[in-house]
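K.L.:
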Amino acid sequence: MAVQPILRYPHPLLKKLAHPVAGLDAEIRALLQDLIDTMRAGPGSVGVAAPQIGAALRICVVDVSKSRHGSENNHGLLCMVNPEIVARSGSAVMREGCMSVPDYTGDVERATEITVRFLDEQSDQVREVAASGFEAVAIQHELDHLDGILFLDRVVSITTGLFRRKSYR
Amino acid sequence: MTPRCERSYYAVSVVGADRPGIVAGISEALYRLGCNIADSSCAMLAGEFAMILIVSHPKPFTKANLLEELKPASERLGMTLAVRSLQTGEEQHRPPAGELCQITVYGADQPGIVYRVTSALAARQINIMDLHTKLVGSEEEPVYVMLLEATLPEDITPGHLEQLLASLRAELKVEIGIRVVTPVEL
Numbered sequence: 137m138a139v140q141p142i143l144r145y146p147h148p149l150l151k152k153l154a155h156p157v158a159g160l161d162a163e164i165r166a167l168l169q170d171l172i173d174t175m176r177a178g179p180g181s182v183g184v185a186a187p188q189i190g191a192a193l194r195i196c197v198v199d200v201s202k203s204r205h206g207s208e209n210n211h212g213l214l215c216m217v218n219p220e221i222v223a224r225s226g227s228a229v230m231r232e233g234c235m236s237v238p239d240y241t242g243d244v245e246r247a248t249e250i251t252v253r254f255l256d257e258q259s260d261q262v263r264e265v266a267a268s269g270f271e272a273v274a275i276q277h278e279l280d281h282l283d284g285i286l287f288l289d290r291v292v293s294i295t296t297g298l299f300r301r302k303s304y305r
Numbered sequence: 436m437t438p439r440c441e442r443s444y445y446a447v448s449v450v451g452a453d454r455p456g457i458v459a460g461i462s463e464a465l466y467r468l469g470c471n472i473a474d475s476s477c478a479m480l481a482g483e484f485a486m487i488l489i490v491s492h493p494k495p496f497t498k499a500n501l502l503e504e505l506k507p508a509s510e511r512l513g514m515t516l517a518v519r520s521l522q523t524g525e526e527q528h529r530p531p532a533g534e535l536c537q538i539t540v541y542g543a544d545q546p547g548i549v550y551r552v553t554s555a556l557a558a559r560q561i562n563i564m565d566l567h568t569k570l571v572g573s574e575e576e577p578v579y580v581m582l583l584e585a586t587l588p589e590d591i592t593p594g595h596l597e598q599l600l601a602s603l604r605a606e607l608k609v610e611i612g613i614r615v616v617t618p619v620e621l
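Sequences listed follow chains A and B, in order.
Converting from the first sequence to our numbering requires adding 136 to each position, the first position being numbered 1.
Converting from the second sequence to our numbering requires adding 435 to each position, the first position being numbered 1.
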């Protein structure tokens, strides 16, 4: 049980595909606890993925229940092993920041409703969760870390769209 | 890189008629000088291209050293150059911690849209971080569009901002939309 330092880009692990986990054992449970501790220690943090603390494994934790954006619509603490998004719909833009990319934020478009399937740490069963709103955004952001994708890879610019037309002369 | 305290910082702006090679020419001069470009922003408005850059160089270094290489490069490109030395610590400026709001204003073109909206914000100490305006529509029916981002002081909520701009909306007969875009830490 320990708060781990958050790796920052350009650490190579943040751009690597993480490996699937074979099953829940003591080591994986300890890693999950580290992820929870690290998330709770980060000011305003609502999720941490294993690659962010140096483990190239498909594990992440999300908890938006204490955030003002997600306090009314959430599933509490989600400890997700081998998560995958099996359904997604809708789209919305939110300005995201990431502990692994400090001092920069960017507008990212994500699905507003998702269904995520994962091996649940508590029940040791495969569980499906239908998330929406901020919780869905947080899950998509953390799952991206398992594929070596940072929010910088998804940044969209609203102004480009609005001000593209040019015909002055 | 040399620590912040051992570097001199400058705000550089370069404006002139657009043509290919402006950014390359200016950044080449800075590179030759051994300057680092920290934050920068460029935009083209009508046919004018504008660059704003925060650059730094290890001390000892002066504004005169910077101008020595940058002035000829700007002149070659037909650009107007301005350089301001930053005081120690100025380059680390952090905006206030309140909500970040995106405000969209659009309507039939008329004098004073920018002035009226921004002075209402300034009177409440609401700090503009980013602002773009554009004249669109036809010559007969010109439409003015303004998109800005502003940080609210901690005692002003997006609801207050809504109220503040409601009277302007009616008076200027423009559409005003407010959207909170405060970044979420994930």
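All C-beta atoms, glycine included, are put in the ideal place defined by N, C-alpha and C.
1. The beta strand (DSSP E) that contains residue 541 (chain B), what's its start and end?
2. Can you tell me where the alpha helix (DSSP H) with residue 277 (chain A) in it begins and where it stops?
3. Against residue 618 (chain B), what residues of chain A qualify as contacts under a CB-to-CB distance less than 9 Å, listed in chain order?
4. Is any beta-carbon of chain A found at less than 8 Å from that of residue 621 (chain B)?
5. Scan the region 192-205 of chain A for residues whose Cβ lies nearer than 7 Å to a Cβ of chain B and list them as they occur along the chain.
6. Kindly confirm or deny that the region 480-490 of chain B and the region 442-458 of chain B touch, where touching means at least three C-beta pairs closer than 8 Å.
7. From residue 617 (chain B) to residue 194 (chain A), what does the alpha carbon distance come to, in whole angstroms?
8. Going residue by residue through the region 550-574 of chain B, where are the continuous beta strand (DSSP E) segments of at least 3 residues, counting only ones entirely within it?
9. In chain order, what residues of the same chain lie with their CB nearer than 6 Å to the CB of residue 558 (chain B), ignoring the 5 residues before and after it?
10. Along the chain, which unbroken stretches of the beta strand (DSSP E) at least 3 residues long are found entirely within the region 459-525 of chain B?
11. Cβ of residue 277 (chain A) less than 8 Å from any chain B Cβ?
12. Since residue 180 (chain A) meets chain B, which of its residues come closer than 7 Å, beta carbon to beta carbon?
13. Can you say whether residue 142 (chain A) is buried or exposed, counting buried as having 16 or more other CB atoms within 10 angstroms of its CB?
14. Run down chain B in chain order and give the residues with a C-beta less than 7 Å from the C-beta of residue 274 (chain A).
15. Let me make sure I understand the geometry here. Which of A:224, A:285, A:269 and A:283 has the alpha-carbon closest to that of residue 203 (chain A)?
16. Measuring only between beta-carbons, confirm whether residue 183 (chain A) sits less than 8 Å from chain B.
17. I'd like to confirm the pairing. Which residues does DSSP put opposite residue 585 (chain B) in its beta bridges?
18. Do the region 494-511 of chain B and the region 540-552 of chain B meet, that is, are 3 or more Cβ pairs less than 8 Å apart?
19. Opposite residue 245 (chain A) in the DSSP bridges: which residues?
20. With 16 other CB atoms within 10 Å as the buried threshold, where does residue 536 (chain B) fall?
21. Let me see if you follow: with CB-CB separation under 8 Å, is residue 610 (chain B) close to chain D or not?
22. Between the alpha carbons of residue 289 (chain A) and residue 219 (chain A), how many angstroms are there, rounded?
23. Does the region 210-224 of chain A come close enough to the region 236-252 of chain A that 3 or more CB-CB pairs lie under 8 Å?
24. Buried or exposed for residue 187 (chain A), please, with buried defined as at least 16 other CB atoms from any protein chain shown within 10 angstroms of its CB.
25. Looking at residue 619 (chain B): is its Cβ nearer than 8 Å to the Cβ of residue 246 (chain A)?
26. According to DSSP, simplified to helix, strand and coil, what is residue 155 (chain A)?
27. Tell me, please, whether the region 556-570 of chain B touches the region 581-598 of chain B by the rule of three or more beta-carbon pairs shorter than 8 Å.
28. Over the uninterrupted alpha helix (DSSP H) stretch that includes residue 597 (chain B), give me the two end residues.
29. Anyone know if the C-beta pair for residue 454 (chain B) and residue 504 (chain B) falls short of 8 Å?
30. Is the distance from the Cβ of residue 167 (chain A) to the Cβ of residue 191 (chain A) below 8 Å?
31. Can you check whether the CB of residue 540 (chain B) is closer than 8 Å to the CB of residue 611 (chain B)?
32. Do residue 242 (chain A) and residue 287 (chain A) come within 8 Å of each other at the CB atom, strictly closer than that value?
33. Within its chain, find whatever has a CB closer than 6 Å to the CB of residue 198 (chain A); leave out the 5 residues flanking it on each side and keep chain order.
P.N.:
The answer reads as follows:
1. 535-543
2. From DSSP, the alpha helix (DSSP H) with residue 277 (chain A) extends over 269-282.
3. 230, 231, 232, 233, 241 and 242
4. yes
5. 205
6. Yes, the region 480-490 of chain B is in contact with the region 442-458 of chain B.
7. 29 Å
8. For the region 550-574 of chain B, whole beta strand (DSSP E) runs of length 3 or above, ordered along the chain, are 562-572.
9. none
10. 471-480, 483-493 and 515-520
11. yes
12. 620
13. Here residue 142 (chain A) is buried, its C-beta having at least 16 other C-beta atoms within 10 Å.
14. 621
15. A:269
16. yes
17. B:536 and B:563
18. Not touching, per the Cβ criterion.
19. A:229
20. Buried is the label assigned to residue 536 (chain B), since at least 16 other Cβ atoms lie within 10 Å of its Cβ.
21. Checking the listed chains, one finds no chain D in this structure; the protein chains it contains are A and B.
22. Rounded to whole angstroms, residue 289 (chain A) to residue 219 (chain A) spans 20 Å at the Cα level.
23. yes
24. buried
25. no
26. If DSSP states are grouped into helix, strand and coil, residue 155 (chain A) belongs with the strands.
27. yes
28. 593-607
29. Their beta carbons are not under 8 Å apart, which means residue 454 (chain B) does not touch residue 504 (chain B) by this criterion.
30. yes
31. yes
32. yes
33. Apart from sequence neighbours up to five positions away, the residues of its chain that approach residue 198 (chain A) with a beta-carbon distance below 6 Å are 183, 214, 274, 275 and 278, ordered along the chain.
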